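Asks: The opening position of the sequence shown corresponds to residue 1 in the working numbering, with each subsequent residue numbered one higher. Glycine is no exception: its CB is placed at the ideal position from the N, C-alpha and C atoms. Here the structure is a predicted model, which means the values were calculated and not measured. I have a structure I would like to understand better, so I am pasting it below and will then ask my questions one at a time.
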Amino acid sequence: MSNSKKIMCVNAGSSSIKFKLYEMDEKASLAKTIAEKSQYCKALCSGLVERIGHEDARCIIKKPDGSKSEKVLPIHNHDEGVQLVLKGLIEEKIVASLDEIQGVGNRVVQGGKYFSDAHVFDQYTYDRIEELIPLDPLHAEAHLTCFNAFKKALPMVGEVAVFDTAFHQTMEPKEYMYAIPYEWYEKYACRRYGAHGTSHKYLSQFAKEKYFADKEHVNIITCHIGSGASVSAVKDGKCIATSMGLTPLAGVMMGTRTGDIDPSCMPYLCTCTGKSADEIYDIYNHHSGLEGVSGISNDTRDVEAEYYKGNERAILAMDMYASRIAEYIMMYYGKLGHVDMIVCSAGVFENSPIYRKMAFDNVEEALGVKIDEKLNEEKVRGQWGLISTPDSKIPVAVIPTDEELMICLDTARILGL
Ligand code: AMP
């Protein structure tokens with residue numbers, strides 16, 4: 001590439017670091033659409049450090065040609081994890097020197113009310129994320145630890161925080177407020193923030209550019225349905241409603257998460273089971289959803305296999321899953337007034353025709369959405385395009401999401417690279 005910059009995109013979890021290193025040509029910043037920009041962003045490698053804190057942690061680096069290096073060794077903390085990744089980049093000859101890396105973009109789950117866009121990871125950003133730890137203890141601490149680890153390893157390189165909540169900051173108070181005493185909102189910032197914002201932004205922008213380049217006002221419903229799942233209503237590029245709430249537990253049913261549930265279940269289940277609120281909350285997050293109802297797995301593919309065998313709990317779980325997604329699509333249709341396109345994305349909706357078909361069957365009569373069976377079967381594993389029939393009242397498209405690309409582009413934009 002002529003004049004290019006290397007940007008590291010990082011997604012830190014409590015015991016893991018996922019990463020992707022991009023080489024971005026300067027032409028990317030001048031390109032108008034995301035699709036054009038993506039042509040100037042080349043992934044040099046991606047990888048994962050997992051089981052940080054264990055003696056048998058793993059550091060994996062994958063190259064675009066399919067080859068990979070994998071090490072199993074003790075990794076005690078994120079510092080060591082980051083150092084291993086950087087050492088691996090040199091050993092695998094992905095970079096000749098670490099000086100080639102000019103920016104680090106960190107995915108941050110919770111930006112609270114403070115961030116409506118990505119932001120330089122400076123002291124202000126650090127302090128706000130620290131302040132927000134009670135809202136998202138698991139992720140926020142990992143983000144800060146990972147930020148520090150990169151700062152230590154690459155002290156001269158600018159870092160950016162790309163917030164999952166930023167895209168949803170355009171919601172009006174009537175949308176993000178909960179009907180609780182107002183002082184709880186004032187004192188504790190208890191409200192809906194949403195999540196997956198980077199993905200919803202990418203999907204709505206990509207759909208607008210590809211399908212409605214000349215149309216001024218465009219309303220889109222974006223369905224990010226993966227192991228975590230959320231639906232958003234996007235009006236003229238701005239999010240007006242989203243299904244996740246204070247935390248990513250709310251909204252549609254997910255792989256292991258309940259989605260929306262009557263809050264009274266909590267005290268009731270505490271009484272019935274003798275478990276604490278923390279224990280029930282953990283089950284709401286990690287053992288409910290598809291896994292909890294089916295008793296099979298949180299992986300849609302395992303539940304689907306049982307569905308075809310006539311397993312009643314698998315059938316019930318998949319019926320519920322489809323119905324909850326359909327409810328949000330119908331609600332957001334109502335809020336938007338008209339809908340130009342519904343977008344399907346993330347692990348489940350990029351790869352699984354039956355989950356898509358079941359969800360859209362639920363809205364066929366009300367919204368006139370019709371799915372073309374052949375197109376639906378074809379659009380899997382990275383294929384994108386329409387899956388609806390020409391006479392469907394609302395076109396439905398599959399668009400693979402690309403959160404890392406958005407993080408790369410945001411990092412370059414914020415750092416002025
Ligand atoms: P995500 O969180 O977006 O990575 O989605 C991961 C989930 O997508 C998995 O847990 C599966 O339930 C589901 N899935 C369905 N088909 C596939 C597939 N072919 N590849 C990966 N994930 C799939």
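How would you write the range of the beta strand (DSSP E) that residue 22 sits in, first residue to last?
Replies: 17 to 25
Asks: Do residue 204 and residue 234 have their C-beta atoms closer together than 7 Å?
Replies: Yes.
Asks: Does the ligand AMP have even one heavy atom less than 6 Å from the beta-carbon of residue 301?
Replies: yes
Asks: Reducing DSSP to helix, strand and coil, say where residue 376 ends up.
Replies: helix
Asks: Taking its Cβ as the centre, do 16 or more other Cβ atoms sit within 10 Å of residue 301, making it buried, or is it exposed?
Replies: exposed
Asks: What runs of the alpha helix (DSSP H), each 4 residues or longer, lie entirely inside the segment 206 to 282?
Replies: 265 to 273
Asks: For residue 219 versus residue 339, is the C-beta distance shorter than 7 Å?
Replies: yes
Asks: Drop a sphere of 10 angstroms on the beta-carbon of residue 312, count the other beta-carbons inside from all chains shown, and report buried for 16 or more, exposed for fewer.
Replies: exposed
Asks: Which same chain residues end up closer than 6 Å to residue 420 when comparing Cβ atoms and leaving out the 5 residues on each side of it in sequence?
Replies: The question about residue 420 has no answer here: the residues shown for the chain are numbered 1 through 417.
Asks: Excluding the five sequence neighbours on either side, which residues of its own chain have a C-beta within less than 8 Å of the C-beta of residue 269, listed in chain order?
Replies: Correct list, in chain order: 275, 280.
Asks: Can you determine whether any heavy atom of the ligand AMP sits closer than 6 Å to the C-beta of residue 351, and answer yes or no?
Replies: yes
Asks: Run through the DSSP bridge pairs and tell me what residue 5 is partnered with.
Replies: 24
Asks: Going residue by residue through the segment 120 to 155, where are the continuous alpha helix (DSSP H) segments of at least 4 residues, counting only ones entirely within it?
Replies: 123 to 131, 137 to 153
Asks: Among 112, 331, 381, 395, which has the Cα closest to the Cα of residue 351?
Replies: 381
Asks: Excluding the 5 residues flanking residue 45 on each side, which residues of the same chain have their C-beta closer than 8 Å to its C-beta?
Replies: 20, 21, 61, 62, 63, 64, 89, 92, 94
Asks: Measure the alpha-carbon distance for residue 13 versus residue 163 and round it to whole angstroms.
Replies: 14 Å
Asks: Can you say whether residue 143 is buried or exposed, counting buried as having 16 or more other CB atoms within 10 angstroms of its CB?
Replies: buried
Asks: Considering only heavy atoms of the ligand AMP, does any lie closer than 6 Å to the CB of residue 343?
Replies: no
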